[in-house]
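Okay, so here's the structure we're looking at.
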Amino acid sequence: MNILVTGGTGFIGSHTLVELYQAGHRAVVVDNLCNSSQQVLGRVERLLGLAEGEIPFYEVDICDEQGLERMLERHSVDACIHFAGLKAVGESVEKPWLYYSNNIGGTLTLLKVMERHGCKNMVFSSSATVYGEAAAMPLVEDCPKGQCTNPYGWTKSMIEQVLTDVQRADAEWNIVLLRYFNPVGAHPSGLIGENPRGVPNNLMPYITQVAAGQRRELCIFGSDYPTPDGTGVRDYIHVCDLALSHIAALGAVARRCGLEVYNIGTGKGYSVLEMVQTFERVNGVKVPYRIGERRAGDVAECWCDPSKARRELGWQAKLGLEDMVRDSWHWQQSCGMP
Ligand code: NAD
Ligand code: UDP
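Residue 5 is where the sequence shown starts when you use the numbering used here, and the numbers rise one by one after that.
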């Protein structure tokens, strides 16, 4: 299939491009480069043995209807994997209008242009955050959605609703909502990975920067949660496994699935302390840390039952925590290389 990949130069998008081509698909990439660089595409091409510039790229904002229109006039696409969006939780609290207009407004524009070109197939990057503070773990897809603690989370929840209503109104649409848990790791080649700007919000890039000596110590946000060691528990998933879930989701779209939602995690929860200890053991480096206050908006634990994706998509995560911490460290050490 020929796939429109919005946000394709980003962290998850770039890993998904690799898996798309390896599975025999092709892609057209759209990104406004607000949180990524076009160099990533060159690295993806290198990794795949493609010629430079072989993957068509458009530096276009998904809010720009004319820009999207021009791109779809030149390329006929079978489906869209829609990654483009802003994702910094703290920034979304400060600039809610930016998040609502970019993420929701951009998605509405994208839907309009896709529909005009007769492409009614989409895989959307949603998030575990739509569950809010759930009563019990593991999370299953039919758990009720909850109250989000920030505008970023609400954009995901609202876009899910928009896509659900669009599909309900027109059964020609096939839409898969993938609720990601905590993506970490990087491609084992060391050529692509996550490059957070400024101080990382997320645990894994913070750990790698501390291990590399770029930051003094990790602050563990709370050790008094009702979890086995008191620190927060999450379902971390290797980005390469996550990327493969999109290929599986395209299969569902091709089978005319209507609207489906899947949890994309490993089904195992690990605490912050377990992450630090595993990182130190596997990589043979120290990660100095201190225990700090809980971070506002954090839940004690968040992990899923991913069995629906296994049953219906034939997808399941294959990589474990050791792969995640090894590949994250490898990327940290190689990301400055040309
Ligand atoms: P990322 O920031 O690395 O990638 C997103 C890409 O979208 C970037 O390259 C950015 O330049 C681009 N973009 C943003 N707004 C755009 C616009 N208006 N027009 C065109 N391009 C635009 O983030 P990521 O980690 O790869 O996340 C991809 C998607 O997955 C996002 O929608 C994110 O919200 C979602 N998600 C991520 C996580 C996570 O922890 N990384 C968890 C759950 C869901
Ligand atoms: N965390 C931490 N210190 C940090 C960043 C994160 O202790 O500097 C904890 C956080 O409280 C949570 C877990 O690590 O329990 C994962 O946080 P992250 O921000 O990576 O993902 P989230 O699940 O919050 O989206």
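Beta carbons are placed, not taken as given, at the ideal position from N, Cα and C, and that holds for glycine.
Run the proximity test for Asn205: is its beta-carbon closer than 7 Å to any non-hydrogen atom belonging to ligand 2? By one-based count along the sequence shown, residue 205 stands at place 201. For ligand 2, at least one heavy atom lies less than 7 Å from the Cβ of Asn205.
Under 8 Å by Cβ, that's how I've got Val127 and Ile59 pegged, so tell me the actual separation to the nearest angstrom. For this step, residue 127 is matched to residue 123 along the sequence shown. For this step, residue 59 is matched to residue 55 along the sequence shown. Incorrect: roughly 18 Å between the Cβ atoms, too far for contact.
Can you round the beta-carbon distance between Arg238 and Phe283 to whole angstroms, since I take them to be within the 8 Å contact cut? On the sequence shown, residue 238 is found 234 positions in, with the first residue counted as 1. On the sequence shown, residue 283 is found 279 positions in, with the first residue counted as 1. Not confirmed; about 14 Å, so no contact.
Between the beta-carbon of Val180 and the beta-carbon of Ala247, is there less than 8 Å? Counting from 1 along the sequence shown, the entry for residue 180 is found at position 176. Counting from 1 along the sequence shown, the entry for residue 247 is found at position 243. Note that the C-beta distance between Val180 and Ala247 is not below 8 Å.
Outcome for Asp146 when other beta-carbon atoms lying within 10 angstroms are tallied against a minimum of 16: Position 142 of the sequence shown, counting from 1, holds the residue named residue 146. Exposed.
Would you list, in sequence order, the uninterrupted beta strand (DSSP E) runs of no fewer than 3 residues that lie entirely inside the stretch 77-152? Runs of beta strand (DSSP E) with 3 or more residues, each lying fully within the stretch 77-152, are found at 83-86 and 125-131, listed in chain order.
Reduced DSSP category for Gly296 - H, G, I as helix; E, B as strand; rest coil: Within the sequence shown, numbered from 1, the residue matching residue 296 stands at position 292. Three-state DSSP puts Gly296 in a strand.
Spatial distance of Leu114 from Gly288 (CA atoms): Counting from 1 along the sequence shown, the entry for residue 114 is found at position 110. Counting from 1 along the sequence shown, the entry for residue 288 is found at position 284. One alpha carbon belongs to Leu114, the other to Gly288, and they sit about 46 Å apart.
What three-state label does DSSP hand Pro187 in the structure shown? Taking the first residue of the sequence shown as 1, we reach residue 187 at position 183. Strand at Pro187.
Inter-residue Cα distance where the pair is Tyr293 and Val170: In the sequence shown, the residue the question calls residue 293 occupies position 289. In the sequence shown, the residue the question calls residue 170 occupies position 166. When rounded, the distance between both Cα atoms is 47 Å.
How about Thr111: is its Cβ closer than 7 Å to a heavy atom in ligand 1? Residue mapping note: residue 111 aligns to position 107 of the sequence shown, counting from 1. No; taking the cut-off as 7 Å, the Cβ of Thr111 has no heavy atom of ligand 1 nearer than that.
Alpha carbons only, please: which of Gln320, Leu182 and Asn267 is nearest the one belonging to Pro142? Mapped onto the sequence shown, residue 142 falls at position 138. Closest option to Pro142, Cα to Cα, is Asn267.
Would you call the stretch 47-66 and the stretch 205-214 in contact, with 3 or more CB pairs under 8 Å? Segment contact: the stretch 47-66 against the stretch 205-214, fewer than three CB-CB distances shorter than 8 Å; contact not assigned.
If distances are taken between C-alpha atoms only, which option among Cys306, Ala138 and Asp327 comes closest to Arg285? Position 281 of the sequence shown, counted from the start, is the residue given in the question as residue 285. For the residues Cys306, Ala138 and Asp327, the minimum Cα distance to Arg285 belongs to Asp327.
Measuring from the CB of Phe15, is there a heavy atom of ligand 1 at a distance below 7 Å? The sequence position of residue 15 within the sequence shown is 11, counting from 1. Under cutoff, so the answer is yes.
Give me the DSSP bridge partner(s) of Ser275. What you label residue 275 is simply residue 271 of the sequence shown in a count that begins at 1. The partner list for Ser275 (beta bridge, DSSP) reads Val237.
Near ligand 2: Cys306 beta-carbon under 7 Å from a heavy atom: In the sequence shown, counting from the first residue as 1, residue 306 sits at position 302. Yes, the beta carbon of Cys306 sits closer than 7 Å to at least one heavy atom of ligand 2.
Can you give me the Cβ contacts of Ala313 inside the same chain, cut-off strictly under 8 Å, excluding the 5 residues immediately before and after it? Counting from one through the sequence shown, the residue named residue 313 turns up at place 309. Result list for Ala313: Ser249, Ala252, Tyr266, Asn267, Ile268, Trp319 and Gln320, in chain order.
Any contact between the stretch 7-19 and the stretch 29-37? By contact I mean 3 or more CB pairs, one from each, below 8 Å. With the cut-off at 8 Å, the stretch 7-19 and the stretch 29-37 touch.
Applying the criterion that 16 or more other CB atoms from any shown protein chain within 10 Å of the CB defines a buried residue, is Glu77 buried or exposed? Reading the sequence shown from its first residue, position 73 is the one you call residue 77. It is exposed - the Cβ of Glu77 has fewer than 16 other Cβ atoms within 10 Å.
contact_flag[the stretch 218-236, the stretch 150-158] where n(CB pairs < 8 Å) is 3 or more: no
Is the closest heavy atom of ligand 2 to the C-beta of Phe225 under 7 Å? If you number the sequence shown from 1, residue 225 lands on position 221. Checking the Cβ of Phe225 against ligand 2 gives yes.
Judging by CA-CA distance, which residue of Gly236, Gly89 and Asp82 is the nearest neighbour of Gly122? If you number the sequence shown from 1, residue 122 lands on position 118. The shortest Cα separation from Gly122 among Gly236, Gly89 and Asp82 belongs to Asp82.
According to DSSP, which residues form a beta bridge with Cys223? Stepping through the sequence shown from its first residue, residue 223 is reached at position 219. Paired residue(s): Arg294.
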